[in-house]
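**Student:** The opening residue of the sequence shown carries number 48 in our numbering; numbering runs sequentially from there.
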Amino acid sequence: MKFQQIIAKGIAANSYFVAANDQAAVIDPQRDVDFYLNLAQEYNVKISAIFDTHRNEDFVNGSPQLAFQTGAEIYHGHKLDFKYGNPAKSGDKIVLDDLIFEIIETPGHSPESISISLTEESSKNPIMVFTGDTLFAGEVGRIDFYRNDKKQKVAADWLYDSIFNKLLKLPDGTIVAPGHGAGSICGGGISGLPYSTIGYEKETNPRLHMSKDEFIKFKSTERFEIAPNMSILEKINLEGPPILTTSIQPTALTVDEVKHYMSNDVQIVDIREPESYAGGHIPNTINIWKNGLPNYALWMLDYNKPIIIIKSTHQELDQGIRYLIRLGFDNVIGYLQGFRNWYMAGEKYDKTSVWSVHELKDKLDDKDLYILDVRTNNSLKDNGQIKGSNHIFLGNLPQRLDDIPKDKTICVYCDSGFKTFTGVSYLLKKGYPKVVGVFGSMSAWKNAGYPVEEEQ
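#1: Would you check if there are 3 or more beta carbon pairs closer than 8 Å linking the region 369 to 376 to the region 456 to 471?
#2: Taking only the alpha-carbon atoms, compute the straight-line gap between GLY185 and LYS136 and give it to the nearest angstrom.
#3: Can you tell me the Cα-Cα spacing of TYR318 and VAL401, whole angstroms?
#4: Exposed or buried, which one is ASP79 when buried takes at least 16 other CB atoms within 10 Å?
#5: Name the DSSP beta bridge partners of ASP397, please?
#6: Give, in chain order, every unbroken run of the beta strand (DSSP E) that is at least 3 residues long and sits entirely within the region 354 to 423.
#7: Tell me the DSSP secondary structure of ASN342 in three-state form.
#8: So what's GLY484 in DSSP terms, helix, strand or just coil?
#9: Under DSSP, the beta strand (DSSP E) around GLY309 begins and ends at which residues?
#10: Within 10 Å of its beta-carbon, does VAL187 have 16 or more other beta-carbons around it, so buried, or fewer, so exposed?
#11: In this structure, what does DSSP give as the bridge partners for GLU149?
#12: Contact check, LEU291 vs GLY381 under 8 Å by CB: the rounded distance?
#13: Could you say which of PRO158, SER310, ASP105, ALA60 lies nearest to HIS125 if we only look at CA atoms?
#14: Between the alpha carbons of GLN112 and LEU206, how many angstroms are there, rounded?
#15: Cα separation between ILE357 and GLU363?
#16: Give me, in chain order, the residues of the same chain whose beta-carbon lies closer than 6 Å to that of PHE262; leave out the 5 immediate sequence neighbours on both sides.
#17: Measure the beta-carbon distance from PHE192 to GLY234 and round it to whole angstroms, keeping in mind my assumption that it falls under 8 Å.
#18: For GLN296, tell me which candidate among LYS481, ASP377, PRO480, GLY118 has the shortest Cα-Cα distance.
#19: Three or more C-beta pairs under 8 Å: does that hold for the region 408 to 417 against the region 446 to 456?
#20: Let me check understanding here. Comparing Cα to Cα, which of ASP128, ALA203, HIS328, ILE354 lies closest to THR181?
#21: To the nearest angstrom, how far is the alpha carbon of LYS493 from that of THR399?
#22: With 16 other CB atoms within 10 Å as the buried threshold, where does ASP105 fall?
#23: Out of GLN446, ASP303, VAL459, which has the shortest C-alpha to C-alpha gap to GLY393?
#24: With burial defined as no fewer than 16 other Cβ atoms inside 10 Å of the residue's Cβ, what is the status of ASP145: buried or exposed?
#25: Under DSSP, the beta strand (DSSP E) around THR178 begins and ends at which residues?
#26: Within this structure, are the beta carbons of PHE177 and THR244 separated by less than 8 Å?
#27: Please tell me whether THR251 and SER209 are closer than 8 Å, where the distance is taken between their beta carbons.
#28: Looking at the structure shown, is LYS352 part of a helix, part of a strand, or coil, going by DSSP?
#29: Which residue comes first and which comes last in the alpha helix (DSSP H) that contains THR469?
#30: Does the distance from the C-beta atom of PHE271 to that of ILE232 stay below 8 Å?
#31: Would DSSP call ASP317 helix, strand or coil?
#32: Which runs of the alpha helix (DSSP H) at least 4 residues long sit entirely within the region 237 to 273? Give them in chain order.
#33: Among the residues of its own chain, which have a CB less than 8 Å from the CB of GLY179, if the five just before and after it don't count?
#34: Which residues does DSSP pair with ILE54 in a beta bridge?
#35: Can you pull the DSSP bridge partners for HIS504?
#36: Quickly, what does DSSP pair LEU285 with across the bridge? List them, please.
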């Protein structure tokens with residue numbers, strides 16, 4: 048058997064390639080499928096089966112794309128009305144050469160969630176189990192996507208049953224291959240381990256040390272941020288995303304072409320690092336640094352408006368486009384090769400006002416200052432805040448603009464400065480005249496020894 052885990056950076060999503068003698072299976076593929084095609088070519092096998100452990104909310108299922116390019120069959124849970132693939136139920140087995148993939152229905156995270164155990168024909172016990180978003184290393188799946196208190200409580204009961212009465216009944220030595228790793232939005236306390244075992248999770252996973260009542264109470268009241276565009280991803284993943292039939296690389300644009308598109312309600316997305324954006328940028332662009340795209344494009348970009356990318360390097364462009372394609376943003380019409388091309392053409396550009404944490408400290412009592420904290424709710428709870436801060440999570444800025452005064456200097460900070468300049472760029476684009484970002488943000492503030500307050 049040949050096995051490989053593929054990690055989609057940014058969202059920490061795991062997919063898996065498993066090859067037998069002549070055939071292979073892929074579990075939870077991402078939409079840019081060249082990784083799996085290259086592995087199949089390397090191992091001289093045919094991809095015959097694709098498993099989706101659940102309808103994803105944070106990225107586009109890549110199974111239709113991979114099936115289109117390989118002819119493989121898709122298998123998914125049967126409790127949602129997918130417009131593609133084959134519904135599977137507990138006990139169903141798909142055999143590839145000497146490998147047996149068996150379906151285990153594990154609802155909770157979503158109604159149709161499945162796990163898949165993998166066993167060799169010569170063995171009685173499974174080698175591993177692919178648990179999707181049901182069980183992670185050190186955590187269990189989130190269930191607040193139901194957006195309904197009663198449904199979430201029912202889902203908590205489902206999740207408990209799926210884990211305690213199904214997955215934990217597997218032998219302790221069974222390898223757990225989860226759908227996400229540390230840093231994912233799909234669980235609050237996922238550990239840094241790429242894999243685990245059933246036995247190790249029994250011993251160390253804090254959620255598995257709860258009574259049933261404790262577990263259900265905890266999970267039924269747990270809340271995370273939910274991007275409005277996640278509902279679009281849910282719909283895409285039920286109906287099946289469009290098949291990509293051309294290269295994912297967009298067209299290189301001239302400065303004149305970018306100027307033409309700018310007059311037609313196009314989203315100009317600067318994916319450079321915050322320091323580069325702050326030093327100079329095209330007017331009315333939004334700065335979402337490359338590695339922030341997987342999490343914040345869903346909050347800050349519009350699926351219905353074309354996108355132009357501003358980047359520094361071809362590697363940066365390639366990764367940025369992959370991030371957007373995985374989220375279903377197929378509307379990238381082109382890119383400008385670097386900000387330098389813009390100013391060398393004699394075009395006007397803007398700079399962003401920047402403060403150090405020391406400058407912010409000196410201005411804390413300024414009555415004309417509005418301090419805006421754009422960190423997540425959990426970060427605020429865990430790390431406190433700077434005196435006088437007003438907390439609005441970055442993703443909620445579009446809905447909370449009325450709460451932010453235009454007649455004051457808006458000073459934006461986050462954890463380390465990246466989300467800061469996404470917020471700064473968004474406010475500037477919305478016409479706020481005086482906006483400043485704090486380099487280093489809360490991390491630099493604490494390292495400077497400055498005090499923080501508890502959440503107000």
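Even for Gly, the Cβ is constructed at its ideal location relative to N, Cα and C. Please read all numbers here as calculations on a predicted model, not as lab measurements.
**Tutor:** Working from what's here:
#1: no
#2: For this step, residue 185 is matched to residue 138 along the sequence shown. For this step, residue 136 is matched to residue 89 along the sequence shown. Approximately 27 Å between the Cα atoms of the pair.
#3: In the sequence shown, the residue the question calls residue 318 occupies position 271. In the sequence shown, the residue the question calls residue 401 occupies position 354. The sequence shown places Ile at residue 318, not Tyr. Distance between the alpha carbons of ILE318 and VAL401 is about 18 Å.
#4: In the sequence shown, residue 79 corresponds to position 32, counting from 1. That one is buried.
#5: If you number the sequence shown from 1, residue 397 lands on position 350. BP columns for ASP397 point to HIS328.
#6: 354 to 358, 379 to 384, 400 to 402, 416 to 420
#7: As a working mapping, residue 342 is identified with position 295 in the sequence shown. Reduced to three states, the DSSP call for ASN342 is helix.
#8: Within the sequence shown, numbered from 1, the residue matching residue 484 stands at position 437. Residue state, collapsed to three classes: strand.
#9: On the sequence shown, position 262 is the one that residue 309 refers to. First, the residue type needs correcting, since residue 309 is Met and not Gly in the sequence shown. Premise fails: MET309 lies in the alpha helix (DSSP H), 302 to 309, not in any beta strand (DSSP E).
#10: By one-based count along the sequence shown, residue 187 stands at place 140. Buried, by the Cβ-count rule.
#11: Mapped onto the sequence shown, residue 149 falls at position 102. GLU149 is bridged to LYS140, SER164.
#12: The sequence position of residue 291 within the sequence shown is 244, counting from 1. The sequence position of residue 381 within the sequence shown is 334, counting from 1. At roughly 17 Å, the Cβ-Cβ gap does not stay under 8 Å, so LEU291 and GLY381 are not in contact.
#13: For the purposes of this step, residue 125 is taken as residue 78 along the sequence shown, with counting starting at 1. The shortest Cα separation from HIS125 among PRO158, SER310, ASP105, ALA60 belongs to PRO158.
#14: Taking the first residue of the sequence shown as position 1, residue 112 is located at position 65. Taking the first residue of the sequence shown as position 1, residue 206 is located at position 159. Going from the Cα of GLN112 to the Cα of LEU206 covers about 30 Å.
#15: What you label residue 357 is simply residue 310 of the sequence shown in a count that begins at 1. What you label residue 363 is simply residue 316 of the sequence shown in a count that begins at 1. Straight-line Cα distance between these residues: approximately 10 Å.
#16: Locating residue 262 in the sequence shown gives position 215, counting from the first residue. Taken in chain order, the residues that qualify are TYR207.
#17: By 1-based counting over the sequence shown, the position of residue 192 is 145. By 1-based counting over the sequence shown, the position of residue 234 is 187. At roughly 12 Å, the Cβ-Cβ gap does not stay under 8 Å, so PHE192 and GLY234 are not in contact.
#18: For the purposes of this step, residue 296 is taken as the residue at position 249 of the sequence shown. Looking at the Cα atoms, ASP377 is the closest of the given residues.
#19: yes
#20: Taking the first residue of the sequence shown as 1, we reach residue 181 at position 134. If we check each option's Cα against that of THR181, ALA203 comes out closest.
#21: Taking the first residue of the sequence shown as 1, we reach residue 493 at position 446. Taking the first residue of the sequence shown as 1, we reach residue 399 at position 352. About 24 Å.
#22: Here residue 105 refers to the residue found at position 58 of the sequence shown. Classification for ASP105: buried.
#23: Here residue 393 corresponds to residue number 346 of the sequence shown, with the count starting at 1. When each option's Cα is compared against that of GLY393, the closest is ASP303.
#24: In the sequence shown, counting from the first residue as 1, residue 145 sits at position 98. ASP145 should be labelled exposed.
#25: The sequence position of residue 178 within the sequence shown is 131, counting from 1. Segment 175 to 179, the beta strand (DSSP E) holding THR178.
#26: The residue you call residue 177 lines up with position 130 of the sequence shown. The residue you call residue 244 lines up with position 197 of the sequence shown. Their beta carbons are not under 8 Å apart, which means PHE177 does not touch THR244 by this criterion.
#27: The residue labelled residue 251 in the question sits at position 204 within the sequence shown. The residue labelled residue 209 in the question sits at position 162 within the sequence shown. It is not a contact, given that the beta carbons lie outside the stated cut-off.
#28: Residue 352 sits at position 305 when you count from the first residue of the sequence shown. It is coil, neither helix nor strand.
#29: The residue labelled residue 469 in the question sits at position 422 within the sequence shown. Residues 465 to 476.
#30: The residue labelled residue 271 in the question sits at position 224 within the sequence shown. The residue labelled residue 232 in the question sits at position 185 within the sequence shown. Result yes, Cβ atoms of PHE271 and ILE232 sit closer than 8 Å.
#31: As a working note, residue 317 is residue 270 in the sequence shown. Note: ASP317 maps to strand in three-state DSSP.
#32: 245 to 251, 259 to 268
#33: Your numbering for residue 179 matches position 132 in the sequence shown. The answer, listed in chain order, is ASP75, THR100, HIS101, THR153, HIS156, SER160, ILE161, SER162, GLY188, PRO225, GLY226.
#34: As a working mapping, residue 54 is identified with position 7 in the sequence shown. Note: ILE54 sits in a beta bridge opposite ASN61.
#35: With the chain running from 48 to 503 in the structure shown, residue 504 is simply not present.
#36: For the purposes of this step, residue 285 is identified with residue 238 of the sequence shown, where counting begins at 1. None; LEU285 has no bridge partner.
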